[in-house]
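Mapping of the sequence shown onto our numbering: position 53 corresponds to residue 64, and the numbering continues sequentially without gaps. The beta-carbon is built from N, C-alpha and C at its ideal position, and this holds for glycine as well. As the structure is a computational prediction, the values presented were derived from the model and not from experiment. A short worksheet on the structure shown next.
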Amino acid sequence: MPSHFYAPIKEDRFAFGIWCLQNRGRDPFGDQTRKEISAVDCIKGLAQRNCYGFEYHDNDIIPFGATPARRDEIVRELKKAMSDFDIKATMATTNTFYHPVFKDGAFTSSDPAVRLFSTQKVMHSIDLAVEMGAEIFVFWGGREGVEVDASKDPISASGWFRESLNFLCEYVISQGYNLKFSIEPKPNEPRGDLFLPTVGSVLAFIHTLDHPAMVGINPETAHIKMAGLNPYHEFAQALDSGKLFDVHLNGQKPLRFDQDLTFGSDDLKEAFFTTKLLLDHKYSGTIGFDAHPYRTESDPWDFVDRSMRTYLILREKVKAFNDNSEIQDLLKELNSASPALNGFTAKFSKDAAAKLKAMAFDPEALAARKLPYERLDQLLTEVLLGVL
Ligand code: GLT
Ligand code: MN
């Protein structure tokens with residue numbers, strides 16, 4: 012075992028949602044199985060574990076409907092805790108899903124009063140985020156969806172969502188805040204169908220906004236797998252588009268209710284590739300985890316420790332994969348076919364088009380190419396199993 016025993020350090024930039032720790036084990040069929048931890052104790056515990064930051068919803072720290080005086084008092088307490096314990100608020104978000112006022116959506120409610128109430132709540136939440144020092148502000152539209160398609164035109168709903176986000180971008184600009192927005196897609200739950208279900212749909216939506224450069228994506232492993240998609244590819248698409256502003260790493264069995272399992276606990280290969288993607292492409296945001304302890308768990312900190320430990324072990328596995336000569340030789344061979352043709356379509360010209368039309372290919376010979384993917388996958392399996 013390496014000498015550092017996979018102990019996290021601040022430079023790893025790990026962060027956890029404090030709602031993960033405040034999770035009391037309630038589910039639709041059963042009551043809480045653990046006590047709730049105060050926001051200050053969450054922050055303290057994360058700092059003691061060398062986390063770089065924490066993420067929060069406005070109402071994780073300030074109760075819904077608190078007076079301005081109470082709000083200011085809480086913020087003072089939290090800022091003192093952040094400086095005493097040396098931990099940052101890396102991401103802030105707004106709870107626009109718990110109170111019954113949001114039962115049919117916040118920004119996509121058909122009642123403009125609910126939409127304005129939501130926008131007002133987010134404006135306060137943005138002010139709070141800036142006071143707390145957060146630079147990423149997430150929108151997870153937990154109630155932005157429907158059960159009854161007859162109830163709402165999805166194009167109107169999109170328009171309402173867009174109008175609110177445009178207004179909020181302008182608010183941030185007018186206040187001179189240094190804050191970026193990040194939308195977190197999810198296909199369903201708690202609504203039957205949620206709007207903006209995948210990375211692709213969020214990407215397309217961002218480009219319809221007035222300030223697309225201010226808005227990115229916060230993809231979450233579990234949400235992607237709930238849609239039956241591949242987290243590695245979804246994270247990659249966000250990264251490739253320059254929109255991977257932050258991440259929510261966790262685990263999930265495909266096509267089920269939102270399980271929010273600990274990172275790596277369900278599918279190690281997938282966790283490996285997500286880690287590899289972030290490392291190989293020098294992702295510079297925080298490594299945010301959004302899981303919660305099993306309902307059967309009485310120690311709420313174990314999942315925190317093991318999320319970071321698994322990530323750090325996988326980081327070494329990525330290095331082992333990238334340094335393994337058999338794997339690299341194999342990859343080199345796989346990626347060096349037809350070198351003279353590489354980049355041929357990079358620049359269009361009439362001449363290039365004519366040349367391509369006239370080019371002679373031998374499809375049978377191309378199809379006969381050997382692709383030893385069984386071997387490659389086995390080598391990865393052995394890296395993960397600790398044999399290589
Ligand atoms: C909620 C959801 C998460 C989101 C959080 C941010 S809240 O727990 O399941 O995926 O990231 O609003
Ligand atoms: Mn999340």
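By the CB criterion at 8 angstroms, proline 198 and histidine 234 fall inside the cutoff.
The Cβ atoms of phenylalanine 274 and leucine 260 sit closer than 8 angstroms to each other. Counting C-beta pairs with one atom in each stretch, the segment 80–96 and the segment 161–180 have fewer than three that are closer than 8 angstroms, which means they do not touch.
Checking the 7 angstroms criterion, the Cβ of histidine 110 is out of range of every heavy atom belonging to the ligand GLT. Around the CB of threonine 107, 16 or more other CB atoms lie within 10 Å, so the residue is classed as buried. Secondary structure at threonine 286: helix, using DSSP grouped into helix, strand and coil. Using a C-beta cut-off of 8 angstroms, the segment 349–357 makes no contact with the segment 305–320, since fewer than three inter-stretch Cβ pairs fall below that distance. The beta carbon of glycine 64 is closer than 7 angstroms to those of Ala26, Ile98, Lys99, Ala100, Thr101 and Thr297 in its chain, skipping five residues each way along the sequence. Secondary-structure assignment with DSSP links valine 315 through no beta bridge to anything. Contact between the segment 89–97 and the segment 126–133 is not established, with fewer than three Cβ pairs separated by less than 8 angstroms.
Beta-bridge analysis with DSSP links tryptophan 30 to no other residue.
In the three-state DSSP reduction, threonine 209 falls in the coil class, being neither helix nor strand. Classified as exposed, phenylalanine 16 has fewer than 16 neighbouring CB atoms from the shown chains inside 10 Å of its CB. Secondary structure of alanine 161 (DSSP, three-state): helix. In the DSSP assignment, isoleucine 228 falls within the unbroken beta strand (DSSP E) covering 226–228. Taking C-beta atoms as the reference points, lysine 280 and leucine 207 fail to come closer than 8 angstroms. In the three-state reduction of the DSSP assignment, methionine 102 falls in the strand class.
In the structure shown, histidine 68 falls within a strand segment according to DSSP collapsed to helix, strand and coil. Here glycine 187 is exposed: its Cβ has fewer than 16 other Cβ atoms, across all protein chains shown, within 10 Å. Cβ-Cβ distances below 7 angstroms link leucine 190 to Ile137, Ala140, Val141, Glu146, Phe148 and Val183 in the same chain, with the five nearest sequence neighbours on each side left out; the list follows chain order. Across the set Asp362, Leu391, Gly354 and Leu345, the C-alpha of Leu345 shows the shortest separation from the C-alpha of lysine 381.
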